[in-house]
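To keep things clear, I will list the structure first and then write my remarks on it.
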Amino acid sequence: MALSNSISTVSILCTVALVLAVLPQVYAGELFPWHPILMGLGFLGFMCEGIIAAYRLRPTDGPPRVAAIQNHMWVQMTSTISILLGFWAIYYNKTLHNKQHFKSLHGKVGLFTTLLSLAAPTLGVLSFKKLGLLSRLPSEWHPFIKWLHRMLGAITWVSAILAMQLPLPHRAVFEGLLCWAWQAASLGLGVAMLVMLRRPGPGKPVLPSVDFTGVQGTKHH
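Okay, so the sequence shown: first residue is 864 according to my numbering, each after it adds one.
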């Protein structure tokens, strides 16, 4: 619990620092700053909290678990909306300035991460038994679908952390010592998140190892 609380605190601080860094450009009426603001809120803010919520709901069962999963779902939906708006902001801004899309490494990794951010919640919706979609698929697929949802969620978040490092330092966002401090904090955040997800923690680890070479490996609920 202490590690998850620390991750939550650092993610909030990183998000606030990012927003404050580009806020003057928002007041100047520019479109670009909405890209880092919305992406920061989507990945560092909402998605981080959604992953922590998934970690904490592992030991729960019955109605409390259903309620916790619903909360996780709403937080991740908010994250996805914020990410898509952030993607639109940079795409439209480049269009306005007649710039090519996805030419830089940051742009390519960002596109890949955005696509992952759509795939992960899609599998999450499919995995939510209350919606009845999972029951339409063969039961032997269920553990793999749930495992893939968790893996994609973790990969998406780590990919986002890496994508955020690529354009830095950037005169419109961070430079100098502040840039180094923010990068160190956000990279540390990524490592801490992976450590937390691999811990037994409360209940099972969120990223368990699974053997699909046989009929079925470790079960996931």
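Just so you know, even glycine gets a beta-carbon here, dropped at the ideal spot from N, CA and C.
With fewer than 16 other beta carbons inside 10 angstroms of its own, Glu1038 counts as exposed. Rounded to whole angstroms, Leu989 and Thr943 show a C-alpha spacing of 16 Å.
When the Cα atoms are used, Leu920 and Lys962 turn out to be separated by approximately 44 Å.
The beta carbon of Leu1011 is closer than 8 Å to those of Leu986 in its chain, skipping five residues each way along the sequence.
Taking C-alpha positions only, Phe950 is separated from Met902 by approximately 8 Å. Of Val1054, Arg1062, Leu1060 and Arg1061, the smallest CA-CA separation from Val873 is found for Val1054.
Classified as buried, Thr976 has 16 or more neighbouring CB atoms from the shown chains inside 10 Å of its CB. Shown here for Ala884: same chain residues with a beta carbon closer than 7 Å to its own, the five before and five after excluded, namely Val1036 and Phe1037 in chain order. When His1005, Ile1024 and Phe991 are compared, the shortest CA-CA separation from Ala930 is found for Phe991. Collapsing the DSSP output to three states places Leu1057 in a helix.
By the 16-neighbour rule on beta-carbons within 10 angstroms, Leu1060 is buried. Burial is judged here by how many other beta carbons sit within 10 angstroms of a residue's own beta carbon; Gly995 has fewer than 16 and is exposed.
When C-alpha distances from Tyr954 are compared across Leu894, Gln1046 and Leu1052, the shortest belongs to Leu894. In the three-state reduction of the DSSP assignment, Ser967 falls in the coil class, being assigned neither a helical nor a strand state.
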